[in-house]
Amino acid sequence: MSLFFQLFAGVPMDEMYKFPLRPLGCWLFPIGIYLLIIGFRPGMDKQNRRFAIVRCGWIHKWWKYYFLRNLLNGALAAVSLLTLSGVTDLSALQMLTGNLKEISAIFVLWTIHAVTLSALFLLLETLRIKKLIPAVILLLEGLTFLSGFQFRKRAKYMFGVWGMYVQSNLHESMHGFSVISVMIVQLIIIMVCYWLGGYLLKGREIEGV
């Protein structure tokens, strides 16, 4: 099994009957790197928000620009991380020539999941806990995955497995999660993060905080 597959395909179902410490660590490692990358963008402190209101006219317009721009940057960062890892892993390149559909599925599932994490990152930024955000999101990933590990029948409904190709019905047709359903749910999560973040920021500006 290539290093690329170990890092981005997820925890195989045959590893779910024992505590999957190593494969879970491989899964969380690139997610941690991704969170550090997107965490380098400028934060939304009070001074930035006030300048944005002057420039854009109102906070909702600025939030829409900020959210969509950083969501796009998050998608580019995810694709770049996947591509860089694939290029540096010669065995992944050999697998690419043999199974393009599998590699494409890994790219799509991991990227969409990463963009959803980016949306959650942006929402948590409105709570002004930026230093804690990577830890909070990694805990969300790990704990929801382990909840599915503990109660196997509900694993497909856990957020922590939704980016894992080997947990999807593309790889495990009988027990895997529905790729289409998960993509729709993650899209809804992104939309909720956008709406809720704008609501929180608007409320703070009204209060003058």
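Once you know that position 76 of the sequence shown is 76 in this note's numbering, the rest is easy, because the numbers rise by one and skip nothing. In this text, a Cβ means the ideal position worked out from N, Cα and C, and glycines have one as well. On a predicted model such as this, the values are computed, not experimentally measured, just so you know.
- Around the beta carbon of His175, a 10 Å sphere encloses fewer than 16 other beta carbons of the protein chains shown; the residue is thus reported as exposed.
- Exclusion of the five residues before and after Gly32 leaves Pro134 and Leu138 as the residues of its chain whose Cβ lies within less than 8 Å of its Cβ.
- Residue burial annotation: Leu72 is exposed, with fewer than 16 other C-beta atoms found within 10 angstroms of its C-beta.
- Residue ranges of uninterrupted beta strand (DSSP E) with 3 or more members are absent from the stretch 59–130; none lies entirely inside it.
- Approximately 13 Å separates the beta-carbon atoms of Val179 and Gly10; this is outside 8 Å, ruling out the contact.
- Cβ neighbours of His60 within its own chain (closer than 6 Å, five residues either side excluded): Gly198.
- Between Leu24 and Phe151, the C-beta spacing is not below 9 Å.
- Taking 9 Å as the cut-off, the beta carbon of Gly163 is found no closer than this to the beta carbon of Arg154.
- Here the alpha carbons of Val115 and Asn70 stand approximately 10 Å from one another.
- If you draw a straight line from the Cα of Tyr66 to the Cα of Leu143, it comes to about 29 Å.
- Contact check for Trp110 and Phe177: beta-carbon distance about 14 Å, past the 8 Å limit, so the pair fails to qualify.
- Spanning the alpha carbons of Ala77 and Phe19 requires a straight line of approximately 31 Å.
- In this structure, Lys156 lies away from Gly39, with their beta-carbon atoms at least 9 Å apart.
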